[in-house]
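Numbering (this note's numbering), first residue to last: 28 to 233.
And the structure:
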């Protein structure tokens with residue numbers, strides 16, 4: 028999946044400068060299996076030129092990386108993606124996209140340091156690649172929401188069936204999205220922010 032882009036101009040852009048009104052910054056991690064659209068989401072929603080670490084896939088990955096369902100994919104993230112989005116004049120989100128292949132999961136520990144929450148991207152053609160990802164988040168105790176990314180010809184299921192297939196608690200938000208669209212990706216991040224806020228105020232209400 029590709030998002031629309033153009034060659035960046037030379038020198039820093041006005042959008043690259045952190046707003047002077049920014050008072051709070053939140054680290055968010057974008058996770059998911061191989062080829063589910065993490066780089067696309069970060070790139071589509073970031074207000075700065077995203078940092079990517081995509082490399083061309085080579086024969087070295089044959090038999091190691093599970094490319095079933097994404098055979099046409101020719102590049103992969105080998106370290107992280109990075110972007111930034113201002114939710115409002117005071118709140119800024121720093122977005123870190125993780126590698127999808129399990130051989131790069133050793134990098135997750137550093138990427139999750141200081142993260143307030145996570146977005147799990149899911150592809151309905153390959154739900155099984157999401158099971159281990161969700162399990163690792165649950166083991167770490169990282170709050171997360173699940174976003175079902177829209178792919179051409181991907182099967183569509185009712186959200187309640189997807190929730191059951193992913194074994195998600197009723198409290199974990201599950202939403203549909205199109206990672207190529209900035210507004211859709213932003214809605215996913217807003218869902219995460221609302222969920223994190225609800226978790227923060229829950230102890231106060233009890």
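All residues carry an ideal CB built from backbone N, CA and C; glycine is no exception.
Counting along the chain, residue 150 sits inside no alpha helix (DSSP H), nor does DSSP assign it H or E at all. With contacts defined as CB atoms closer than 8 Å, residue 144 and residue 193 fail to qualify as a contacting pair. In this model, residue 222 and residue 200 are separated by some 7 Å (Cα to Cα). Per DSSP, reduced to three states, the secondary structure at residue 168 is coil, with no helix or strand assignment.
By the 16-neighbour rule on beta-carbons within 10 angstroms, residue 197 is exposed. Under the DSSP assignment, residue 193 falls in the alpha helix (DSSP H) whose first and last residues are 186–193. For residue 202, the uninterrupted beta strand (DSSP E) segment begins and ends at 201–204.
Annotation for residue 63: no beta strand (DSSP E) segment contains it, and DSSP assigns it neither H nor E. Non-local C-beta neighbours of residue 213 in its own chain, meaning closer than 8 Å and more than five positions away in sequence, comprise 72 and 112, ordered along the chain.
In this model, residue 70 and residue 114 are separated by some 16 Å (Cα to Cα). Under DSSP, the beta-bridge partners assigned to residue 55 are 122 and 144. Going by C-alpha positions, residue 176 is about 16 Å away from residue 187. The three-state reading of DSSP puts residue 212 in helix, counting H, G and I together. Around the CB of residue 158, fewer than 16 other CB atoms lie within 10 Å, so the residue is classed as exposed. Nearest to residue 169 by alpha-carbon distance, out of 51, 61 and 147, is 147.
Assignment of residue 71 by DSSP, reduced to helix, strand and coil, places it in the helix class. For residue 198, no beta strand (DSSP E) encloses it, and the DSSP letter there is neither H nor E.
Comparing C-alpha distances from residue 142 to each of 190, 117, 195 and 58 shows the shortest one belongs to 58.
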